Amino acid sequence: KKPAGAPDSSLARPVTKVGVVGAGLMASQLAVLFARRLEVPVVLTDLDRERLDKGVGHAHGEIDKLLAKGRLSPDKAARLTSLITGSLGKDAFADADFVIEAVFEEMSVKRKVFAEVEEHVSPECVLATNTSSLSVTEMASGLRRPERVVGFHFFNPVAVLPLLEIVRGERTDEATLATAFATGKALRKSCVLVKDAPAFVVNRVLLRLLAEIVQAVDEGTPIETAERAARPLGLPMPPFVLMGLVGPAIALHVNETLHAAFPDRFPLSENLEKLVASGKSGVYLPDFTLDPEAVEIFAGG
Ligand code: 3HC
314 KKPAGAPDSS
324 LARPVTKVGV
334 VGAGLMASQL
344 AVLFARRLEV
354 PVVLTDLDRE
364 RLDKGVGHAH
374 GEIDKLLAKG
384 RLSPDKAARL
394 TSLITGSLGK
404 DAFADADFVI
414 EAVFEEMSVK
424 RKVFAEVEEH
434 VSPECVLATN
444 TSSLSVTEMA
454 SGLRRPERVV
464 GFHFFNPVAV
474 LPLLEIVRGE
484 RTDEATLATA
494 FATGKALRKS
504 CVLVKDAPAF
514 VVNRVLLRLL
524 AEIVQAVDEG
534 TPIETAERAA
544 RPLGLPMPPF
554 VLMGLVGPAI
564 ALHVNETLHA
574 AFPDRFPLSE
584 NLEKLVASGK
594 SGVYLPDFTL
604 DPEAVEIFAG
614 G
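All letters in the sequence shown, in the order written, are residues 314 to 614 by the UniProt record's numbering.
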């Protein structure tokens with residue numbers, strides 16, 4: 314069934330090569346997904362060789378894990394590994410049809426990235442952003458062809474969660490949108506078209522929930538109690554584990570965007586800010602036990 318508001322699929326352009334800007338964890342996961350489902354070359358870029366090698370290494374490692382689980386044949390694993398490469402060259406995306414950015418969640422950084430990419434890609438190349446909450450329209454403004462920019466927002470873990478929010482900016486044209494939908498479908502995601510509003514739809518709901526639970530802890534409820542109280546809500550993972558999966562810095566960033574847009578509904582959490590400043594990746598340790606140091610931060614320590 315065609316998703317509500319989806320454009321005419323005949324306008325979609327083929328995607329024969331993908332570029333990924335950034336080589337962090339999210340970018341590596343995206344590279345694997347695109348290579349696996351589209352079976353086209355995927356080139357990652359980043360600021361320096363060290364980050365790039367780490368990102369490509371992580372993507373290749375994910376393919377090895379799929380091979381070990383028997384999800385891929387040895388042939389296919391070898392093919393996918395060879396499809397994912399890294400490049401620091403400015404012309405790395407010259408023949409790409411679809412470039413997705415997954416860099417730091419800062420508007421000025423993303424705008425700079427798109428302006429640079431636009432210098433080196435074909436006029437038809439789609440520029441997609443995996444931003445969690447920033448305005449797609451603002452990100453596109455200032456480009457020569459803002460109509461080629463679209464939001465393409467995945468959920469963690471990217472390989473597993475089926476949803477993809479496709480965000481139409483004010484200037485996004487029908488061919489870009491059609492290409493985004495066709496690509497999302499080829500990635501076997503369940504695509505929804507959402508409006509370019511702060512944090513779109515899912516993060517608005519999710520952060521509302523996380524922010525309220527964090528607030529309860531800010532007000533003095535111990536984390537253990539908040540987690541137990543949240544269990545009957547039937548979430549697939551406890552809220553503070555989810556925050557670890559998303560990354561506290563991303564959770565804070567979405568919260569800040571929402572606070573700026575709707576200050577009454579989204580209070581800021583000092584504890585969340587402290588957690589991010591501490592550099593901790595979550596409140597839970599990998600074996601799902603509470604990290605005493607992180608709990609101390611939330612307890613006002
Ligand atoms: N990375 C990659 N794969 C993972 C993973 C991870 N972190 N965690 C689990 N998986 C894989 C497993 O390997 C397994 O794959 P397999 O079938 O090939 O072996 C599959 O997921 C299912 O895992 P489990 O058997 O462990 O099943 P669970 O029932 O525990 O489900 C879960 C795991 C799918 C992660 C589930 O707990 C879940 O849905 N959690 C909620 C996640 C969520 O809400 N994400 C959205 C966050 S918001 C966001 O990302 C937006 C951003 O902008 C902030």
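Glycine included, every Cβ here is placed at the ideal spot set by N, Cα and C.
Model, not experiment: these values are computed from the prediction.
Residue burial classification, residue i (beta-carbon count within 10 angstroms, cutoff 16)
i	result
residue 546	exposed
residue 461	buried
residue 403	exposed
residue 490	buried
residue 414	buried
residue 606	exposed
residue 375	buried
residue 426	buried
residue 410	buried
residue 339	buried
residue 588	buried
residue 502	buried
residue 601	exposed
residue 538	exposed
residue 383	exposed
Close beta carbons around residue i, own chain, < 8 Å, minus the five adjacent residues each side
i	result
residue 509	448, 449, 450, 464, 480, 481, 482 and 483
residue 399	336, 356, 357, 358, 359, 365, 366, 368 and 369
residue 412	331, 332, 333, 334, 406, 430, 434, 438, 439, 440 and 441
residue 321	487 and 491
residue 422	416
residue 543	526, 551 and 552
residue 540	551, 552 and 553
Any non-hydrogen atom of the ligand 3HC within 7 Å of residue i CB
i	result
residue 445	yes
residue 449	no
residue 373	no
residue 508	no
residue 382	yes
residue 470	yes
residue 549	yes
residue 351	no
residue 536	no
residue 516	yes
residue 618	Nothing in the structure corresponds to residue 618, since the chain is present only between 314 and 614.
residue 376	no
Residue range of the unbroken alpha helix (DSSP H) whose run includes residue i
i	result
residue 466	Residue 466 -> not in any alpha helix (DSSP H); beta strand (DSSP E) instead, spanning 462–466.
residue 496	487–499
residue 529	515–531
residue 559	552–559
residue 608	605–611
residue 585	583–591
Segment limits, beta strand (DSSP E) that includes residue i
i	result
residue 481	476–481
residue 508	503–508
residue 334	331–334
residue 411	411–414
residue 399	397–399
Same chain, Cβ closer than 7 Å to residue i, five either side skipped, listed in chain order
i	result
residue 346	471, 472 and 500
residue 424	452 and 455
residue 497	477, 479 and 504
residue 348	355, 393, 396 and 397
residue 615	Coverage of the chain is limited to positions 314 through 614, which leaves residue 615 absent and any answer about it impossible.
residue 610	584, 587, 588 and 591
residue 559	469
residue 574	511
Sequence-distant residues of the same chain with beta carbon closer than 6 Å to residue i, five excluded per side
i	result
residue 598	604
residue 531	582 and 584
residue 567	445, 446, 512, 516 and 520
Cβ of residue i within 8 Å of any chain B Cβ
i	result
residue 399	Chain labels in this structure do not include chain B; a single protein chain is all it has.
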